[in-house]
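Beneath this line is the structure, given in structure tokens, with notes to follow.
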Amino acid sequence: MITQLVDFHVQLSATPRGARLGRVLAVEQLRSWGLALETPAQIIAELVTNAVTHGRVPGRDFRLTLTVTPGVLRVEVTDARGDRIPEIHEAGRGLVLVEALADRWGVERGPGPRKVVWAEIAVA
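Everything in the sequence shown is counted per my numbering, starting at 136 for the first residue and increasing by one.
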């Protein structure tokens, strides 16, 4: 069990390759912290894919942040499309999946043209 704040940040290109790399790095970080992988990995995959698919601005990166406090893993993905606030749509299943898997999730407008899509999961 993690008893103190730990975090991980990585800035990645807003490309399919950047999304893949984000998933791989995040899973390895979760593994190093001794946390369960399946549910967080699915949430991370959906959020980074959305950042690349819907939040991409040419020449701008996205940021993946994992923060663990006692009992909670928070996943944040920050992209450069603050004007595109995601909604749950029937056509896209990504946020429906995030809503089903996460204990809480939401969207915050960031500084400048950014937004942060986040999800929290209880961890033991």
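The beta carbon of each residue, even a glycine, is placed where N, CA and C say it ideally should be.
Separation of the CB atoms of LEU160 and ARG166 is rounded to 11 angstroms, and the pair is thereby denied contact status at 8 angstroms. Around the beta carbon of ALA149, 16 or more other beta carbons lie within 10 angstroms, which makes this residue buried. A straight line joining the alpha-carbon of ARG244 with that of GLN164 spans about 26 angstroms. In terms of CA proximity to ASP214, THR188 leads the group THR188, LEU170, ALA257.
Among the bridge pairs identified by DSSP, TRP168 is matched with none.
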